[in-house]
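Spelled out as structure tokens, the structure:
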């Protein structure tokens, strides 16, 4: 049986992940199948249960780029999204309602018995990438400063 087959089983998995990992400070259920996860870093993400395929969709805001840096930041986001073979389903998108950039990832379970560990690791990875992109967005002052820096930094991490 899939450890996140239903919103109830996903809730149990999230609670187990928070108990397993101290960096996950709190899991707050907003509605059936929707939770906020708070991290010790002060960050938070929205976790939503989805079906077809069954998965958890994790979304977090990374900030709103300055108008002078938007074109470069958006170009970096699009280039980041081409790294799907390395990043899996993690991607960046612009919120429909404002200029906020969102980091989105889909999580599905490979090992039912270790699902809470996999989920904790996925949430920590999400928070790490949120911090990374937040720094990029907050520090980009113009198009040139935003253009290649993020992917160059990711390339250095992989080397």
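Residue numbers (the numbering used here): 18 to 176. For each residue, glycine too, the CB sits at the ideal point set by N, CA and C. Small disclaimer: the values here were computed from a predicted structure and weren't measured.
7 Å CB neighbourhood of residue i in its chain, flanking five on each side removed
{"i": "residue 42", "result": "55, 56, 57"}
{"i": "residue 33", "result": "133"}
{"i": "residue 135", "result": "126, 127, 128"}
{"i": "residue 25", "result": "none"}
{"i": "residue 47", "result": "53"}
{"i": "residue 98", "result": "108, 109"}
Residue i in three-state terms, based on DSSP
{"i": "residue 83", "result": "coil"}
{"i": "residue 30", "result": "helix"}
{"i": "residue 19", "result": "coil"}
{"i": "residue 135", "result": "helix"}
{"i": "residue 157", "result": "coil"}
{"i": "residue 96", "result": "helix"}
{"i": "residue 46", "result": "strand"}
{"i": "residue 105", "result": "coil"}
In DSSP terms, what residue i is bridged to
{"i": "residue 123", "result": "74"}
{"i": "residue 61", "result": "55"}
{"i": "residue 41", "result": "56"}
{"i": "residue 110", "result": "119"}
{"i": "residue 67", "result": "72"}
Residue i, buried or exposed, once every other Cβ within 10 Å from all chains shown has been counted against 16
{"i": "residue 20", "result": "buried"}
{"i": "residue 59", "result": "exposed"}
{"i": "residue 93", "result": "buried"}
{"i": "residue 39", "result": "exposed"}
{"i": "residue 157", "result": "buried"}
{"i": "residue 124", "result": "buried"}
Spatial neighbours of residue i in its chain, beta-carbon cut-off 6 Å, leaving aside the 5 residues before and after
{"i": "residue 159", "result": "85, 86"}
{"i": "residue 112", "result": "119"}
{"i": "residue 107", "result": "122"}
{"i": "residue 35", "result": "41, 44"}
{"i": "residue 49", "result": "24"}
Whole-angstrom C-beta distance between residue j and residue i, which should lie under 8 Å
{"i": "residue 120", "j": "residue 154", "result": "Not quite, the Cβ-Cβ distance comes to about 11 Å (not below 8 Å), so this is no contact."}
{"i": "residue 73", "j": "residue 64", "result": "5 Å"}
{"i": "residue 62", "j": "residue 143", "result": "6 Å"}
Cβ shell of residue i (< 8 Å), same chain only, five flanking positions each side left out
{"i": "residue 148", "result": "58, 60"}
Distance cut-off 6 Å: residue i Cβ against heavy atoms of the ligand FMN
{"i": "residue 127", "result": "The model depicted lacks the ligand FMN and carries no ligand whatsoever."}
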